[in-house]
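Worksheet: the structure to be examined is printed underneath.
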Amino acid sequence: MESAIERIDHRPACATFPAMTVRTRFAPSPTGFLHIGGARTALYNWLYARRHGGSFLLRVEDTDAERSTAESMRVILDGLRWLGLDWDEGPGAGGPHVPYFQSERREIYDRYLAKLDAAGLVYEDEGAIRFRVPDKILTVSDLVCGEVSTNLKEAGSRRYDAELKREVEANPDLVIRRPNGGYIFHFVNVVDDLEMGITHVIRGEDHLSNTPKHLALFGALGATPPRFAHIPLNLNPSGTKMSKRDQGALIHEYQEGGFLPSGVANYMALLGWSAKDDQEIFSMAELVERFDLSGVNSSNSKFDYGKCRWVNGEHLKRLAPAELAGQAAPFLAKAGIDPADPRVPEALGLARERVQTLAELPGIIGTIFADAATYDEAAVAKVKERADLPQTITALETAFAATDEWTAEGIKAAVQSAAEGLGSKMGALMLPCRVATTGSASGADLAPMLALLGKEAVLRRLREFVGQIS
RNA sequence: GACCCGUUCGUCUAAGGGUUAGGACACCGCCCUUUCACGGCGGUAAUACGGGUUCGAAUCCCGUACGGGUCGCCA
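Sequential numbering from 183 applies to the first sequence in my numbering.
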């Protein structure tokens, strides 16, 4: 029998490093919103750490004072918390490597720069500090992409000038500190990963080409670099980079749009990772259990909002009733429905199977809590085509008025008897009844809806409807 | 432009030399339902192209095309 262990793989199994405690990090730059790409990177890092019993840290890369804002920081942290991606070290959590804001870690960078200086590896250039890149081939052993080799001295000696549209001579040595003293991403990123003992750097594939620079810096500092895993990018449906404008690009919009954190995380996990079997719906706990870098594929994916909604709908169906009520409350309140109304639990039970987001819930059950029905023009026009509409409504009204047991069963029986009186079938009465009482041609199971609506309200609406059509 | 990475149904993906190339979303049809849905069943639909290697290639190699990324005193 073939054993998986015998397979040759450049991706090490976790058992290869029994003694190593995994430490991953998410290092956002607070210059905008929490983007789906960043959130997915955070998710993969979080899952990998949780899967392997390690630590997940949050480090804020705010070295660009011009662009970093407190508001952006708040939005990003809120987004991560909403998704349930808790961090063991970082803002609000503290940790052995405080501060976790790069803007507050100057002394540390100064110290590392001094090391490079002592080794003669940096020099000043018009006020900036440059790091001498080595003239040798550097090879990244990427956990997803395999081996990638580059010689920075060669590759960096030419630069593409976008305006001239051709290559020009360039200094291959990396600027690591600005003339104003501010440090540059590549340097602080490496220093902090080293200082904070990061073992696995999981990041977007857009950083693959930067990695040799980081390898050079780790080498110059005499350090062993972490393992790298570059994950494929998520593109928009047109196949280009996702922008804030694209539907589904910003995490806070999911929250506002009635998505569940677990649903969004599930869909993000699926874009670029597969459990290798047919399972597609995973709880957070299952993701932690199943996620691994070996299941990450290497090609970019296009974001499919429709499938994201479907995944969310599946999570909605699996929610316990009490939990659904809790999650739905803000969306009900926003639509003017009191979440504490005793009819809410049953109403949610009628609506839950037919929505994909919490935000769609009021649209299905709102009529139960409204003073009057809001009539949909197309629906009314559809039933008005029937010549016997007035008689039908009258028959329904009479049958309902005579019903003492105002339950779904009693209501069905009343419709049945009205149908018999008219010499037609119950099915033929359902649509007029639905439109007259709820205003819409579609919606949840009608009889239980009417039971919740109440006898008086139903009779009133039937009378109002007669006024509408005459 | 140079360098790097990639390419299986429209989309997300499975298949690690031998499968009628599997699943999911979307779409279409049928069934169920005296309403609306859910659900169930079925269907359309893919290995970018060209060369190798091999008895045999989606799978390994080379080339081409296409897509993405990088080439900042942004991260």
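Where a beta carbon is used, it is the ideal one built from N, C-alpha and C, also for glycine.
- CA-to-CA, the gap between Ala511 and Thr203 works out to about 41 Å.
- Runs of beta strand (DSSP E) with 3 or more residues, each lying fully within the region 312-392, are found at 319-324, 328-333, 340-343, 348-351, 356-359 and 382-386, listed in chain order.
- The three-state secondary structure of Val537, taken from DSSP, is coil.
- Residue pairing for Glu306: DSSP places it in a beta bridge opposite Ile311.
- Check the Cα spacing between Gly272 and each of Leu265, Gly266, Leu259 and Trp264: the tightest is with Leu259.
- With 16 or more neighbouring CB atoms inside 10 Å of its own CB, Lys395 falls in the buried class.
- Within the region 228-298, complete beta strand (DSSP E) segments of at least 3 residues are found at 237-240, given in chain order.
- Taking a cut-off of 8 Å on C-beta distances, the region 232-248 touches the region 208-218, as three or more cross pairs fall below it.
- Scanning His497, Glu528, Ile519 and Lys516 for the CA closest to the CA of Val537 turns up His497.
- Inside the region 530-609, DSSP marks no whole beta strand (DSSP E) run of 3 or more residues.
- Looking only at Val257, Arg205 and Asp388, the smallest Cα-Cα distance to Gly277 is reached by Arg205.
- For Leu417, the secondary structure class from DSSP, reduced to helix, strand or coil, is strand.
- In this structure the region 427-442 does not lie against the region 339-346, because fewer than three pairs of beta carbons, one per stretch, are closer than 8 Å.
- Excluding five sequence positions before and after Asp375, the CB atoms of its chain that fall closer than 7 Å to its own CB belong to Val383 and Pro408, given in chain order.
- By a beta-carbon distance limit of 8 Å, Ala310 does not contact Arg341. Their separation comes to about 16 Å.
- Residue state for Arg525 is assigned as coil, using DSSP reduced to three classes.
- For Thr206, the three-state secondary structure derived from DSSP is strand.
- With at least 16 other beta carbons inside 10 angstroms of its own, Gly495 counts as buried.
- Between Asp558 and Ala623, the C-beta gap is smaller than 8 Å, which places the two residues in contact.
- The shortest C-alpha to C-alpha distance from Ile651 to any of Glu591, Ala601, Gly609 and Ala561 is the one to Ala561.
- Out of Phe464, Asp553 and Ala502, the CA that lies nearest to the CA of Gly621 is found in Asp553.
- Note on Ala296: under 16 other CB atoms within 10 angstroms of its CB, so exposed under the neighbour-count rule.
- In chain order, Leu604 place their CB closer than 7 Å to the CB of Gln573, counting only its own chain and leaving out the 5 sequence neighbours on each side.
- Burial check for Pro630: the Cβ neighbour count within 10 Å reaches 16 or more, so the residue is buried.
- Within its own chain, the residues whose Cβ lies closer than 6 Å to the Cβ of Val597, once the five positions on either side in sequence are excluded, are Met608 and Leu611, listed in chain order.
- In this structure, DSSP gives Arg427 a state outside helix and strand, which the three-state scheme calls coil.
- For His434, the enclosing alpha helix (DSSP H) has its first and last residue at Ile433 to Glu438.
- If you draw a straight line from the Cα of Lys566 to the Cα of Ile546, it is about 23 Å long.
- Counted as a single uninterrupted DSSP element, the stretch harbouring His217 is not any alpha helix (DSSP H), since DSSP gives it neither H nor E.
- By the Cβ test, the region 413-422 is in contact with the region 478-487, since at least three Cβ pairs between them sit closer than 8 Å.
- Excluding sequence positions up to five before and after Pro544, its CB lies within less than 7 Å of the CB of Phe513, Leu514, Ala517 and Ile519, all in the same chain and listed in chain order.
- Going by C-alpha positions, Leu225 is about 7 Å away from Leu267.
- DSSP, reduced to helix, strand and coil, places Ser483 within a strand of the structure shown.
- Between the alpha carbons of Asp388 and Tyr230 lies a distance of about 20 Å.
- Sequence-distant Cβ neighbours of Val373 in its own chain, meaning closer than 7 Å and more than five residues away, are Ile290, Tyr291 and Tyr294.
- Burial state of Ala467 is exposed, judged by a 10 Å Cβ sphere holding fewer than 16 other Cβ atoms.
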